[in-house]
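Engineer: Before I ask anything, here is the structure I am working with.
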Amino acid sequence: MVEPTSQGETLAEIADRYGRAYNTVRNQWARHEAWPAPLPERRGRFLVYDRAAVDQAVVEHFIRPTAELEPRRLYTAREIEDATGVTAATIRADRSKGRWPAPDDTSGRAHRWYGKTVMTAVSARRSYGRT
1165 MVEPTSQGET
1175 LAEIADRYGR
1185 AYNTVRNQWA
1195 RHEAWPAPLP
1205 ERRGRFLVYD
1215 RAAVDQAVVE
1225 HFIRPTAELE
1235 PRRLYTAREI
1245 EDATGVTAAT
1255 IRADRSKGRW
1265 PAPDDTSGRA
1275 HRWYGKTVMT
1285 AVSARRSYGR
1295 T
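Going letter by letter, the sequence shown gives residues 1165 to 1295 in the working numbering.
Encoded structure:
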């Protein structure tokens, strides 16, 4: 692990701090329009970014907020959309592709998932926010 300076950090240090792949930070995060500009200093050939500005961009655009759901309550796709931001259409599409878990309850018209199941599925999803 590389120790960042007090003011700035390189993309490799940012990736290490957030537990993401370096290529994800370099190719996706750093190319996003909300990514902060590099500081005038460099560390060797590497650009250095302000730690506070990076944290703000990451929180606003790249990290999906944790869903606040009751673990033993059943939720419909519309309720999941309201709570997590993952749309009902995305849930349907991901179910057909095997990327979303099977419903815990199929007794009614609307399929429903336990909050625990939803929180597990949402925490495993990547965030692509461009808002």
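Heads up, the beta-carbon is just placed ideally off N, CA and C, and yes, glycines get one too.
Taking the beta carbon of E1232 as the centre, do at least 16 other beta carbons fall within 10 Å, making it buried, or is it exposed?
Structural biologist: Within the sequence shown, residue 1232 is the residue found at index 68, counting from 1. Label assigned to E1232: exposed.
Engineer: Considering only DSSP beta bridges, list what R1276 is partnered with.
Structural biologist: For the purposes of this step, residue 1276 is identified with residue 112 of the sequence shown, where counting begins at 1. For R1276, the beta-bridge partners assigned by DSSP are T1240, D1269.
Engineer: Can you find the residues in the same chain that come closer than 8 Å, C-beta to C-beta, to T1122, ignoring five residues on each side of it along the sequence?
Structural biologist: There is simply no residue 1122 to check, as the chain begins at 1165 and stops at 1295 in what is shown.
Engineer: Around the C-beta of A1266, are 16 or more other C-beta atoms found within 10 angstroms, so that it is buried, or is it exposed?
Structural biologist: Counting from one through the sequence shown, the residue named residue 1266 turns up at place 102. Answer is exposed; the Cβ neighbour count stays below 16.
Engineer: Indicate whether R1242 and A1252 have their beta-carbon atoms separated by less than 9 Å.
Structural biologist: For the purposes of this step, residue 1242 is taken as residue 78 along the sequence shown, with counting starting at 1. For the purposes of this step, residue 1252 is taken as residue 88 along the sequence shown, with counting starting at 1. The answer is yes: Cβ separation under 9 Å.
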